[in-house]
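Worksheet: one structure, shown below.
Here it is in structure tokens:
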């Protein structure tokens, strides 16, 4: 599924997970009061609350292939001379789940002498909690629509985009030999070393959130290392033939034991 379509699909499912979970809390929960023993009723409620958060997230994951093996590939842009990797759909799946869970933070209480539930009458505390939940939900919806984290390679260097930050690093500022080939498949982060701005100081370590990117971490590390060590190839970034060359080199490296 194209990254743009994934970003359009995520926000409605974030809202759906929240709405389902809140409905379970306010409308379905009273039915569990009649279940004996009480612990069984609590267990049923918790299962339903978990399902209300999980079902939209699992639906998104299945539609977008969030838990398939990450591809050893770049999105090519020959005109812009760049390779790019979008955010992993796993990020949005986690956001959808968290929206369902945060709905359970809304304070509720049983109506006295009735098998009904209402928003808790706790004055300022209730209002504060509702505002906190609303801000969190809006934040999740906005983040699920953003194209971050993402990474772009260009002839000048690499650009890492995060929700509140953007790092641009020139190729000649990265130290040769890194990032190293990951010891395990798809680690949470891979590190690159950037020469210090002040001569004589140690190199600066920058962690790339490979777990949040829709690209195989070992292939990402190989591509960065390739362009750090082969300046003559940087002008070909974005070219389909260059991508094919990268894939051949990566396959050859994988055939060699670390």
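Numbering (our numbering), first residue to last: 12 to 269.
By construction, the Cβ of each residue, glycine as well, lies at the ideal position given by its N, Cα and C atoms.
C-alpha gap between residue i and residue j, whole angstroms
i: residue 50; j: residue 220; result: 42 Å
i: residue 65; j: residue 28; result: 8 Å
i: residue 168; j: residue 112; result: 40 Å
i: residue 96; j: residue 158; result: 10 Å
i: residue 101; j: residue 142; result: 27 Å
i: residue 151; j: residue 26; result: 9 Å
i: residue 63; j: residue 161; result: 29 Å
i: residue 126; j: residue 117; result: 19 Å
i: residue 210; j: residue 218; result: 22 Å
i: residue 103; j: residue 226; result: 16 Å
i: residue 223; j: residue 42; result: 40 Å
i: residue 46; j: residue 115; result: 21 Å
i: residue 131; j: residue 139; result: 12 Å
i: residue 166; j: residue 247; result: 8 Å
Minimum Cβ-Cβ distance from residue i to chain D less than 8 Å
i: residue 223; result: No chain D is part of this structure, which consists of one protein chain only.
For residue i, the residue or residues it bridges with in DSSP
i: residue 128; result: 121
i: residue 219; result: 201
i: residue 248; result: Its beta-bridge partners do not exist; DSSP assigns none.
i: residue 173; result: 176
i: residue 88; result: 93
Residue i - DSSP class collapsed to helix/strand/coil
i: residue 98; result: strand
i: residue 168; result: strand
i: residue 185; result: strand
i: residue 162; result: strand
i: residue 180; result: strand
i: residue 206; result: coil
i: residue 18; result: helix
Nonlocal neighbours in the same chain, by C-beta distance under 6 Å from residue i, ignoring five residues either side
i: residue 67; result: 24, 27, 28, 107
i: residue 179; result: 170
Cutoff 8 Å; reference residue i; Cβ partners in own chain excluding five residues on either side
i: residue 74; result: 12, 20
7 Å CB neighbourhood of residue i in its chain, flanking five on each side removed
i: residue 187; result: 239, 240
i: residue 203; result: 185, 189, 190, 217, 219, 235
Would the segment 51 to 58 and the segment 142 to 150 be scored as touching if the rule is three or more Cβ pairs under 8 Å?
no
Report yes or no: do the segment 245 to 255 and the segment 186 to 195 share at least 3 C-beta pairs separated by less than 8 Å?
no
I'd like to know if the segment 118 to 137 and the segment 37 to 50 are in contact, where contact means that at least 3 CB-CB pairs between them fall below 8 Å.
yes
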